[in-house]
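Counting from 1, position 58 in the sequence shown corresponds to residue 462 in the numbering used here; the numbering is continuous, with no gaps.
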Amino acid sequence: MKRLLLGLIVITSLQANAQQKSDAKTKTYVDALMKKMTLDEKIGQLNLLTPGGGVATGAVVSKGVEEKISKGQVGGLFGVIGEAKIRQAQELAVNSSRLKIPLLFGSDVIHGYKTTFPIPLGMSCSWDMPMIERSARLAATEATADGLNWAFSPMVDIARDPRWGRIAEGAGEDPYLGSQVAKAMVVGYQNGDLSKDNTLLACVKHFALYGAADGGRDYNTVDMSKVKMYNDYLPPYKAAVDAGVGSIMTSFNTIDNIPATGNKWLLTDLLRKQWGFKGMVVSDYTSVNEMIDHGLGDLQAVSALSLKAGLDMDMVGEGFLTTLKKSLGEGKVTQKEIDDACRRILEAKYKLGLFTDPFRYCNKERAANQVLSEKQKNAAREFATKSFVLLKNNQQALPLKKTGTIALVGPLANNKANMLGTWAVSGNRDLSIPVFDGMKNLGIKEVNILYAKGANISDDTIFAKKVNVFGTRIDIDNRSAQEM
């Protein structure tokens, strides 16, 4: 027993020494780079944009992206999908900008990349942490083969109000299960070594309490006691931090009447001081700008508030890019606050190996061999099988007999788009196999399979228009329900 304990102590000590050396090397490099940077270039690193053409997650698409990259005014991009497109944007950054600082490339890799796995809520039903970790590992392998290096995942928000529309992206209502899933996903994405070209920088979201919005209304106020907060809602975020997550995304909701993106207690006192988080913090889509509607001032005021609260990177809103220099001149922010934010972004890039090789994630051969590979597809089938939950099997109806007639009734039984599940931004609906087609493809001659749509998912044209903003998910059939 003593030998075992001594061995563990030696291993822990060696790991600590290796980490210290790695941190010192990172600091030395970043220190030297920042001495060369102008104020404008430092602020430029705090700017995360989407150029459009991919799948955006909000209503705003950034303008003049290429010119801004050339001027060193962009730290990262998202919504750019595909190795060739990412290479093109990275070439612009390293060939045209003065200091040739490479870009981060992120995306919502929520349940698989182009190979779509079961939704997170479904995966969590398995209680199989090694499998969930492997799903993140395989998603990272595929996404990095296609040029990405940053995943806006895992989403670890505890949700207990069924009216909240994003429950499907998390692990449900239980803080213990949510914490275990958060840890497994972070380990799967990052694999303990971000310098490897098949690992992704994970980004736990949405910090914090996003799933507890009043009335289940997205973006709404959150008002709860610290006891409930620490016991029920914060554990999954803390588990992700303890697992070494490299980045965190803020939420839209308020906490104690202060929006999370500008909440210093949340981003500095809790996250950095209490939990010891040393990575980078990015806003959600224009969440800095949306603080204006909370009555906290104009864009300059809310941008300064966010930076001082502990936010490092501004997603799409460009308040940092357009106002921080003025705020510095007026004494509303400090040089150290800008430098600290810039440093954390550059450290993430260094750990990903981008300064050594900006194109390490752009490999045509890897993309051709690993994206939508048979290995990925077989894993998706396995994960789906293990995530199914059978509540009842009255009269032993399952498995279905291989004779007779089977009736499939409902709008999802023969629907390609919705087979992908929610928030599968890189998935291709045309590659989906609906239940109806899947059963027919078995080719069992003794079985007659019938299908009827039965009803629309919704008959509300206004609602359908909102849902269909990124492609048709609700197709309203003009026939009556009786006809269908």
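We put the CB at the ideal spot given by N, CA and C, even for glycine. As the structure is a prediction and not an experimental result, all values here were calculated from the model.
Item	Value
Give the secondary structure of V775 by DSSP, where H, G and I count as helix, E and B as strand, and everything else as coil.	coil
Mark S557 as exposed unless 16 or more other C-beta atoms lie within 10 angstroms of its C-beta, in which case mark it buried.	buried
Could you spell out the range, first to last residue, of the beta strand (DSSP E) harbouring K609?	605-611
Short check: CB of V608 to CB of G582, under 8 Å?	no
Determine the direct distance from the alpha carbon of R407 to that of A460, and round the result to whole angstroms.	Below a pLDDT of 50, predicted positions are generally treated as unreliable, and A460, at 42, falls in that range; the measurement from the model is reported next regardless. Going by the C-alpha atoms only, they are around 55 Å apart.
What are the boundary residues of the alpha helix (DSSP H) that S474 is part of?	469-474
Which term fits Y641, buried or exposed, when burial requires 16 or more other beta carbons within 10 angstroms of its beta carbon?	buried
Just curious, the alpha helix (DSSP H) that M589 is in, first and last residue?	579-594
Nearest-angstrom Cα distance between I652 and S500?	30 Å
So for G680, helix, strand or coil by DSSP?	coil
I need the straight-line Cα distance from Q799 to I514, nearest angstrom please.	37 Å
In this structure, does DSSP put G536 in helix, strand or coil?	Checking the sequence, you will find Ile at residue 536 rather than Gly. Residue state, collapsed to three classes: helix.
With DSSP as the reference, please indicate the residues paired to P663 in a beta bridge.	T658
When we look at the beta-carbon of R567 and count the other beta-carbons within 10 Å, is it buried (16 or more) or exposed?	exposed
When the Cα atoms are used, what is the spatial distance from G458 to G808?	With a pLDDT of 43 at G458, under the threshold of 50, the modelled position of this residue cannot be trusted; read the value that follows with caution. Their backbone Cα atoms lie some 46 Å apart in a straight line.
Given that a residue counts as buried once 16 or more other Cβ atoms are within 10 Å of its Cβ, and exposed if not, what is K813?	The question names Lys, but residue 813 in the sequence shown is Val. V813 comes out exposed.
Taking DSSP as the reference, what is the three-state secondary structure of C746?	helix
Spatial neighbours of A463 within its chain, please: C-beta separation below 7 Å, excluding the five flanking residues on both sides.	Note that A463 scores 47 on pLDDT, short of 50, meaning its location in the model is unreliable; the coordinates nonetheless yield the value given after this. No residues qualify anywhere along the chain.
Would you give the residue range spanned by the alpha helix (DSSP H) that Y641 belongs to?	639-646
Do the region 652-671 and the region 684-695 make contact, defined as three or more Cβ pairs closer than 8 Å?	yes
Name the residue from E850, D565, G476 whose alpha carbon lies nearest to the alpha carbon of G619.	D565
What does the Cβ neighbour count give for I536, buried or exposed, with the cut at 16 atoms within 10 Å?	buried
Pick from G483, S466, Y433: whose alpha carbon is nearest that of F874?	G483
Assuming T625 contacts N657 (C-beta within less than 8 Å), just tell me the rounded distance between them.	7 Å
Given L552, which residues of its chain have a CB within under 6 Å of its CB, disregarding the five upstream and five downstream residues?	F509, S511
Starting from V813 and walking both ways along the alpha helix (DSSP H), at which residues does that stretch end?	No alpha helix (DSSP H) contains V813, which is instead part of the beta strand (DSSP E) from 808-813.
Given a threshold of 16 other Cβ atoms within 10 Å of its Cβ, counted over all protein chains shown, does S528 qualify as buried or as exposed?	buried
Answer with buried or exposed for I523, where buried requires no fewer than 16 other C-beta atoms within 10 angstroms of its C-beta.	buried
Taking DSSP as the reference, what is the three-state secondary structure of W669?	helix
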